[in-house]
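Peer 1:
In full-length UniProt numbering, the protein residues as written are 1 to 197.
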């Protein structure tokens, strides 16, 4: 992303990233959004359908050189929820069909952030995947609650949605809780940004 787009997003707390992570332009935009606020006092929370290792490989940052905490919530259908910690990464597993459980893990994390002086950056990959486990109305309510919580702790988040996987009505509904919409141009390599402010 160029300076102009970064400036447009300066006031955004919650950003909707429209694109598939199979596209290089979306990956670059994801990394730009994830890394734009990273400082030595920044903690990262990722919610993903990938394993922690897979998700970390898509990020240009590295746990070894990143001074803040990294927490990865893996959305997995396995019947067991687990939490694992290494020196660099905390890994939590939650069933993607359990919106309440996901919401509780995110709320617990964000509540713990209030007690620190670290910045909070969140990546949610992806809304498209989560829509396979719940209905649009429930997911919309979930997103409204989560985006408000992130804003409450002065966090910065981006949420992935693949526009090719949904109709216009679904995309229009999902856009509502977000401060800004970012869409990479897969052909030209640029980025389109629209904001609510």
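Glycine residues also receive a C-beta, built at the ideal position from the N, C-alpha and C atoms.
Looking at C-beta atoms only, is the number of pairs between the region 40 to 54 and the region 186 to 196 that lie closer than 8 Å three or more?
Peer 2: Judged by Cβ distances under 8 Å, the region 40 to 54 makes no contact with the region 186 to 196, as fewer than three pairs qualify.
Peer 1: Quick one: what does DSSP say residue 47 is sitting in, helix, strand or coil?
Peer 2: By one-based count along the chain shown, residue 47 stands at place 47. Of the three classes helix, strand and coil, the one that applies to residue 47 here is strand, per DSSP.
Peer 1: Cα separation between residue 176 and residue 78?
Peer 2: For the purposes of this step, residue 176 is taken as the residue at position 176 of the chain shown. For the purposes of this step, residue 78 is taken as the residue at position 78 of the chain shown. Each residue's Cα considered, the two are about 31 Å apart.
Peer 1: Taking all protein chains shown into account, do 16 or more other C-beta atoms lie within 10 angstroms of the C-beta of residue 152, making it buried, or fewer, making it exposed?
Peer 2: The residue you call residue 152 lines up with position 152 of the chain shown. So residue 152 ends up on the exposed side.
Peer 1: Would you grab the beta carbon distance between residue 106 and residue 146 for me? Rounded to a whole angstrom, and I think it's under 8 Å.
Peer 2: Residue numbering aside, residue 106 sits at position 106 when the chain shown is read from its first letter. Residue numbering aside, residue 146 sits at position 146 when the chain shown is read from its first letter. Yes, residue 106 and residue 146 are in contact; Cβ-Cβ is about 6 Å, under 8 Å.
Peer 1: Going by C-alpha distance, which of 104, 125, 51 and 101 is nearest residue 90?
Peer 2: In the chain shown, counting from the first residue as 1, residue 90 sits at position 90. Here the closest residue by C-alpha is 51.
Peer 1: Using 8 Å as the cut-off, can you tell me whether the region 11 to 21 makes contact with the region 95 to 105, which would need three or more C-beta pairs spanning the two stretches below that distance?
Peer 2: Touching, no, given that fewer than three Cβ pairs across the two stretches are closer than 8 Å.
Peer 1: Restricting to runs no shorter than 3 residues, where is the beta strand (DSSP E) found entirely within the region 99 to 151?
Peer 2: If we require 3 residues or more, the beta strand (DSSP E) runs fully inside the region 99 to 151 come out as 119 to 125.
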